[in-house]
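Chemist:
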Amino acid sequence: MAGERDCAVIIIGAGPCGLMLAIELGRRGIPVIVLEEKTSPARFPAANATQARTMEHYRRLGFAEEIRALGLPPDYPTDIAYFDRYTRHELARFRLPSAQAARAIIRTLTGSWSAAELPHRCSQMYIEGVLRAQAQACATVSIRAGWRAVAVRTTADAVEVEAERVDGSAHAILRGSYAVGADGAGSPTRKTLGYDLIGESGAVRNFLGGRMLAIHFRSSELYNVIAHPRAWMYWAVNPVRRALMASVNGRDEFVFHTQLREGEEAGRISDAQAKAIFHLVLGARLDVDIIARSAWNAGYALVAEKFRRGRILLAGDAAHLFTPTGGLGYNTAVEDAVNLGWKLAAVFEGWGGAALIDSYETERHAIAERNTAYARAFADSVGGFVPPPELEDDGAAGKAARKVAGDHLEAHARFEFDIPGITFGGRYDGSPIIVPDGTLPPADSVNDYLPSACPGGRAPHLWLRDGRSLYDALGFEFTLLRLGTRPAEAAPFATAAAALGMPLAVVDVAGEEARDLYQADLALIRPDQIVAWRGNAPSGAADVLRRVAGHP
Ligand SMILES: Cc1cc2nc3c(=O)[nH]c(=O)nc-3n(C[C@H](O)[C@H](O)[C@H](O)COP(=O)(O)OP(=O)(O)OC[C@H]3O[C@@H](n4cnc5c(N)ncnc54)[C@H](O)[C@@H]3O)c2cc1C
């Protein structure tokens with residue numbers, strides 16, 4: 067790298083996306099500077115759900131257990147429950163395991179939930195603490211908190227990011243080889259590149275279509291006031307005021323979101339009025355301490371027209387905006403970082419070709435389109451349901467209306483909160499760095515995932531005889547799996563990898579179960595655990611490796 071550069075990659079924004087990218091690069095020894103305008107870590111709960119695939123990536127990096135210990139107590143159920151008001155009728159409940167149970171259950175599941183990790187329900191503010199510490203632990207990562215990027219531009223062979231301290235006390239011009247705008251929904255980087263967000267921005271729904279008020283509050287009495295069994299997420303469905311509330315720590319912290327009505331403005335709602343709104347949804351009066359408030363827009367399904375211009379890339383909310391149904395925004399942001407991290411590192415390490423960085427946009431733009439569409443379908447399903455006026459009545463009409471609502475909500479909960487198809491089924495078919503083998507990928511589906519080693523999808527998971535996850539046995543970079551009882555020849559791959567300077571681990575997985583699962587004797591797995599190629603013989607190994615490493 068040219069001597070006058072301050073680092074290889076300048077990341078703008080230390081949200082989950084920027085931090086995860088810093089970890090992926092830092093673990094590979096790539097010099098990174100992360101600029102973050104906030105001076106202190108995030109304190110608002112924001113996202114509530116870490117999907118199973120994100121947990122698998124945290125496992126790959128060695129901190130899934132640390133994440134799973136965060137948030138709710140280990141034995142706290144992560145049920146999703148629907149009420150008219152929180153203290154009145156329970157309409158539906160989808161039962162989900164506690165963190166403690168999730169660890170044990172995952173070892174027994176097959177089919178759609180054949181995975182190394184189950185999801186974890188936990189506030190983003192806790193997760194960001196771990197991601198930040200993990201990034202800071204990398205010797206080559208420097209996080210500059212309180213620094214705002216004010217301009218980003220490319221020169222002939224580099225990027226320049228102009229930054230200033232938010233208190234105005236300092237100004238700097240940083241030079242790197244690449245800049246990544248992980249700078250969130252309002253992304254100044256995206257605006258600099260002049261890329262529009264394409265899609266739906268003003269969906270109007272009975273709920274989750276419009277301006278939302280979020281209140282993070284403390285109450286040690288709330289569980290005593292709500293007589294129903296504890297849940298992780300509490301939805302209120304009634305004709306007067308709809309809301310959702312998540313338990314943040316399982317003891318006394320909660321985050322409550324309600325949709326503002328025509329004429330209401332978050333900034334003009336006093337704390338007393340905000341509490342009155344909460345009391346209306348609770349169906350009781352209970353004094354709570356407001357910790358923080360925030361306002362946000364529900365109803366987005368937007369994707370930036372492009373994710374890259376030359377040496378400047380976009381990732382996370384900077385590249386796509388979701389309605390939070392399905393909990394896909396933060397998870398898609400993390401997977402962007404995973405996809406981009408190894409590719410950027412490969413270019414700096416010298417084995418990555420030009421097509422590698424190009425493939426980031428090809429692969430992730432399609433996933434952003436897919437995931438925003440799924441999130442929108444969830445929002446339509448739950449937010450488009452209009453509670454009838456008699457829903458809360460005591461008589462037979464009220465009872466019947468609650469049954470209809472309950473049936474709809476129970477079916478909806480299964481649709482939105484049991485999504486192995488979305489979380490494991492994202493694919494990179496058609497990517498120039500995937501080698502197709504002529505087989506058809508399984509159909510894309512929300513709730514069903516069919517494990518398949520058809521190149522372009524997540525490597526099918528299995529538990530090894532020694533009790534480890536297959537993923538724990540993979541190398542950190544590329545892995546050639548030799549499957550079955552008679553291991554195929556691997557030497558041509560090892561020789562070709564050495565010639566390219568590409569790190570390649572060869573891992574034997576004996577037994578017919580693995581061979582049957584992969585339907586091949588050999589499978590080449592990328593650093594992000596995607597199948598890049600499979601076959602029964604190593605013929606053409608050099609061409610395969612050149613292609614998956616982005617060489618012409
Ligand atoms: C109320 C709410 C609930 C949500 N619930 C969910 C959920 O359940 N599941 C889910 O998956 N997602 C959810 N989301 C979405 C989730 O929070 C985002 O998708 C996620 O934070 C995106 O991560 P990011 O790193 O891309 O962006 P961000 O988290 O927005 O991080 C961007 C960072 O860039 C910094 N920055 C911006 N401009 C500059 C600059 N010029 N210089 C330096 N720094 C800058 C910002 O300060 C910020 O820290 C929710 C969001 C909200 C608001």
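Residues 67 to 618, numbered by the working numbering, are exactly what the sequence shown covers, in order.
By construction, the Cβ of each residue, glycine as well, lies at the ideal position given by its N, Cα and C atoms.
Note that this is a predicted model, so its numbers are computed, not measured.
Assuming Leu127 and Ala165 form a contact by the criterion Cβ under 8 Å, report the distance between their Cβ atoms to the nearest whole angstrom.
Modeler: For the purposes of this step, residue 127 is taken as residue 61 along the sequence shown, with counting starting at 1. For the purposes of this step, residue 165 is taken as residue 99 along the sequence shown, with counting starting at 1. In fact, because the Cβ distance is near 19 Å, the residues do not count as touching under 8 Å.
Chemist: Compare the Cα-Cα distances from Glu476 to each of Phe451, Ala463, Phe490, Pro455 and report the closest residue.
Modeler: Locating residue 476 in the sequence shown gives position 410, where the first residue counts as 1. Minimum Cα distance to Glu476 is reached at Phe451.
Chemist: Are the stretch 433 to 442 and the stretch 481 to 499 touching, with three or more C-beta to C-beta distances below 8 Å?
Modeler: Two segments are said to touch when three or more pairs of C-beta atoms, one from each, lie closer than 8 Å; by this definition the stretch 433 to 442 touches the stretch 481 to 499.
Chemist: Measuring straight from C-alpha to C-alpha, what distance separates Pro526 and Val597?
Modeler: Stepping through the sequence shown from its first residue, residue 526 is reached at position 460. Stepping through the sequence shown from its first residue, residue 597 is reached at position 531. C-alpha separation (whole angstroms): 9 Å.
Chemist: What first and last residue would you give for the alpha helix (DSSP H) that runs through Trp621?
Modeler: The question about residue 621 has no answer here: the residues shown for the chain are numbered 67 through 618.
Chemist: Give the single residue among Gln325, Ser360, Gly329 whose Cα lies nearest to the Cα of Ile343.
Modeler: As a first step, residue 343 is located in the sequence shown; it is residue number 277 there, counting from the start. That would be Gln325, whose Cα lies nearest to the Cα of Ile343.
Chemist: Cutting at 6 Å between CB atoms, please list the residues of its own chain near Val227, excluding the five before and the five after it.
Modeler: Here residue 227 is taken as the residue at index 161 of the sequence shown, counted from 1. Closer than 6 Å at the Cβ level, and outside the excluded window around Val227, lie Ile76, Ala215, Val218, Leu240, Ala245.
Chemist: For Gly137, which of helix, strand or coil comes out of DSSP?
Modeler: Sequence index remark: in the sequence shown, residue 137 carries index 71 (1-based). DSSP places Gly137 in coil when its eight states are reduced to three.
Chemist: Looking only at its chain, what residues have a beta carbon closer than 7 Å to the beta carbon of Leu346, apart from the 5 residues adjacent to it on each side?
Modeler: Counting from one through the sequence shown, the residue named residue 346 turns up at place 280. Val306, Arg307.
Chemist: Do the stretch 541 to 553 and the stretch 563 to 576 make contact, defined as three or more Cβ pairs closer than 8 Å?
Modeler: yes
Chemist: At what residues does the beta strand (DSSP E) containing Asp495 begin and finish?
Modeler: Walking along the sequence shown from the start, residue 495 turns up at place 429. From DSSP, Asp495 is part of no beta strand (DSSP E); its letter is neither H nor E.
Chemist: Taking Pro593 as the reference, which of Glu371, Arg231, Gly418 has the closest Cα?
Modeler: Stepping through the sequence shown from its first residue, residue 593 is reached at position 527. Selected option, being the one with the closest Cα: Gly418.
Chemist: Could you give the distance in angstroms between the alpha-carbon of Ala589 and the alpha-carbon of Thr551?
Modeler: Along the sequence shown, read from residue 1 onward, the residue named residue 589 stands at position 523. Along the sequence shown, read from residue 1 onward, the residue named residue 551 stands at position 485. Ala589 and Thr551 have their C-alpha atoms spaced approximately 15 Å apart.
Chemist: What runs of the alpha helix (DSSP H), each 4 residues or longer, lie entirely inside the stretch 256 to 317?
Modeler: 288 to 291
Chemist: At what residue ranges does the stretch 107 to 179 contain a whole run of the alpha helix (DSSP H), taking only runs of 4 or more?
Modeler: Fully enclosed alpha helix (DSSP H) runs of 4 or longer: 118 to 126, 130 to 134, 165 to 171.
Chemist: Ignore the nearest five residues each way along the sequence and tell me which others in Arg173's own chain have a CB closer than 7 Å to its CB.
Modeler: Position 107 of the sequence shown, counted from the start, is the residue given in the question as residue 173. Trp529, listed in sequence order.
Chemist: Who are the Cβ neighbours of Arg71 in its own chain at under 8 Å, not counting the five residues just before and after it?
Modeler: Here residue 71 is taken as the residue at index 5 of the sequence shown, counted from 1. Ala224, Arg241, Gly242, Ser243.
Chemist: So, with DSSP's three-state summary, where would you put Ala598?
Modeler: Position 532 of the sequence shown holds residue 598. Ala598 falls in the strand class under three-state DSSP.
Chemist: Threshold first: 4 residues or longer. Then list the alpha helix (DSSP H) segments lying entirely within the stretch 479 to 539, N to C.
Modeler: Within the stretch 479 to 539, the complete alpha helix (DSSP H) segments at least 4 residues long are 486 to 491, 536 to 539, listed from N- to C-terminus.
Chemist: For ligand 1, any of its heavy atoms closer than 6 Å to the Cβ of Glu543?
Modeler: As a position in the sequence shown, residue 543 is number 477, starting the count at 1. No - ligand 1 has no heavy atom lying nearer than 6 Å to the Cβ of Glu543.
Chemist: Taking 7 Å as the threshold (C-beta atoms), are Asp514 and Gly472 in contact?
Modeler: Locating residue 472 in the sequence shown gives position 406, counting from the first residue. Locating residue 514 in the sequence shown gives position 448, counting from the first residue. For Gly472 and Asp514, no; Cβs fall outside 7 Å.
Chemist: Give me the residue from Glu328, Arg296, Thr428, Ile209 with the minimum Cα distance to Ile499.
Modeler: Translated into the one-based positions of the sequence shown, residue 499 becomes position 433. In terms of Cα proximity to Ile499, the closest of Glu328, Arg296, Thr428, Ile209 is Thr428.
Chemist: Verify whether the separation of the beta carbon atoms of Phe559 and Pro618 is less than 7 Å.
Modeler: What you label residue 559 is simply residue 493 of the sequence shown in a count that begins at 1. What you label residue 618 is simply residue 552 of the sequence shown in a count that begins at 1. In this structure, Pro618 does not lie closer than 7 Å to Phe559 by Cβ.
Chemist: Mind checking Thr561: buried by the 16 CB within 10 Å criterion, or exposed?
Modeler: For the purposes of this step, residue 561 is identified with residue 495 of the sequence shown, where counting begins at 1. That one is exposed.
Chemist: With the cut-off set at 7 Å, would you say Leu380 and Arg256 are in Cβ contact?
Modeler: Numbered from its first residue, the sequence shown carries residue 380 at position 314. Numbered from its first residue, the sequence shown carries residue 256 at position 190. Yes, Cβ-Cβ distance for Leu380 and Arg256 is below 7 Å.
Chemist: In this structure, does DSSP put His345 in helix, strand or coil?
Modeler: Here the question's residue 345 lines up with position 279 in the sequence shown. Here His345 sits in helix by DSSP.
Chemist: Spatial neighbours of Met278 within its chain, please: CB distance less than 8 Å, with the 5 preceding and 5 following residues excluded, ordered by chain position.
Modeler: The residue labelled residue 278 in the question sits at position 212 within the sequence shown. His323, Thr324, Gln325, Leu326, Ala361, Trp362, Asn363, Ala364, listed in sequence order.
Chemist: Using the Cβ count rule (16 or more neighbours within 10 Å means buried), how would you classify Ile171?
Modeler: Taking the first residue of the sequence shown as position 1, residue 171 is located at position 105. When all chains shown are included, Ile171 counts as exposed.
Chemist: Per DSSP, what are the beta-bridge partners of Ile209 in this structure?
Modeler: Sequence index remark: in the sequence shown, residue 209 carries index 143 (1-based). Answer is Val100, bridged to Ile209.
Chemist: With Val610 and Val470 assumed to form a contact (beta carbons below 8 Å), what rounded beta-carbon distance in angstroms separates them?
Modeler: Counting from 1 along the sequence shown, the entry for residue 610 is found at position 544. Counting from 1 along the sequence shown, the entry for residue 470 is found at position 404. Rounded, the Cβ-Cβ distance is 56 Å, inconsistent with contact.
Chemist: My output table needs one value for Glu183: the three-state DSSP class, helix, strand or coil.
Modeler: Here residue 183 is taken as the residue at index 117 of the sequence shown, counted from 1. The answer is coil: DSSP assigns Glu183 none of H, G, I, E or B.
Chemist: What are the partner residues of Asp574, as DSSP defines its beta bridges?
Modeler: Working through the sequence shown from its first residue, we reach residue 574 at position 508. Asp574 is bridged to Arg548.
Chemist: Could you give the distance in angstroms between the alpha-carbon of Arg613 and the alpha-carbon of Asn437?
Modeler: Within the sequence shown, residue 613 is the residue found at index 547, counting from 1. Within the sequence shown, residue 437 is the residue found at index 371, counting from 1. Each residue's alpha carbon lies about 27 Å from the other.
Chemist: Got a sec? Which residues, its chain only, sit under 8 Å from Ala615 by beta carbon, not counting five neighbours each side?
Modeler: Mapped onto the sequence shown, residue 615 falls at position 549. Leaving aside the five residues that flank Ala615 on each side, the residues in its chain whose CB is nearer than 8 Å to its CB run, in chain order, Ala412, Trp417, Gly418, Gly419, Leu422, Ile499, Leu566, Met568.
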